[in-house]
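Comments concern the structure below.
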């Protein structure tokens, strides 16, 4: 009797902790996934943003095996109708490990992705508060190889990864416009896509982003994407390196993994 009650309590705790009971969100709505670094863990707080290569491959393989089609973010944003089982893979910051570890996996499964670059940084500075292992960023040769594959779209993540909501009008314009030009120099392509640093944006920032001639922008708020949605506030599902595949599955199918 006590054993049965214990099992029941464990099951109840599991159901309360995880969203397995929640009805899956229709696959007629596109999933936009947000990644950062694809690398081994270093045993610090930033491991949250480091998805191990083997975990990343398992996730991509699962999507491929379940019939999902990948799109660059601008392809998805420009779609008049969203095909069933559509997914867009996005990477913020432009870490070198996106080339070293993620790119081969993307090629293996013929999956497209969008990478948001911070053009004037050879190393990333926003992560320093959480790690001593500061990562290198993509170099020009790596960017060229990825661009030539036709699998990768490059967008802007500003010049210096500043919180745009703290900037004056001129500095805001410079971060948006100059980074767009720098990305275009690096890729030889028009830079259409933008990611707000830290997901921070407001009406002023949204207006400035449009005036800088971007065509779409992503945020960090979780959700799915439909063709009628605001192209300058595209919601994403964050994929974390400290979570299990079960967490990934729940996020992908139900958008939330936990209460």
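Residue numbers (UniProt numbering): 1 to 259.
Glycine included, every Cβ here is placed at the ideal spot set by N, Cα and C.
Since the structure is predicted, the reported quantities are computational estimates derived from the model, not experimental observations.
Counting along the chain, where does the alpha helix (DSSP H) carrying residue i start and finish?
i, result
"residue 137", "First-last for residue 137: undefined, no H or E at that position."
"residue 76", "73-77"
"residue 254", "245-254"
"residue 103", "103-108"
"residue 60", "53-65"
"residue 208", "203-211"
Is the Cβ-Cβ distance between residue i and residue j less than 8 Å?
i, j, result
"residue 30", "residue 82", "yes"
"residue 217", "residue 234", "yes"
"residue 121", "residue 227", "no"
"residue 39", "residue 136", "no"
Using alpha carbons as the reference points, say which of the options lies closest to residue i.
i, options, result
"residue 87", "96, 107, 108, 63", "63"
"residue 194", "254, 243, 90, 60", "90"
"residue 150", "113, 161, 68", "113"
"residue 108", "119, 180, 57, 168", "57"
"residue 246", "186, 39, 55, 92", "55"
"residue 60", "110, 147, 240", "110"
Is there a Cβ of chain D sitting closer than 8 Å to that of residue i, yes or no?
i, result
"residue 157", "Any reference to chain D falls outside this structure, which holds one protein chain only."
In terms of residues, what are the limits of the beta strand (DSSP E) holding residue i?
i, result
"residue 167", "Neither: residue 167 is in no beta strand (DSSP E) and is coded neither H nor E."
"residue 114", "113-117"
"residue 153", "152-156"
"residue 33", "31-35"
"residue 193", "193-195"
Grouping DSSP H, G and I as helix and E and B as strand, with all else coil, what is residue i?
i, result
"residue 187", "helix"
"residue 216", "strand"
"residue 93", "strand"
"residue 23", "coil"
"residue 238", "strand"
"residue 86", "strand"
"residue 68", "coil"
"residue 232", "coil"
- Given 8 Å, three or more beta-carbon pairs between the stretch 139-148 and the stretch 166-179: No: fewer than three Cβ pairs fall under 8 Å.
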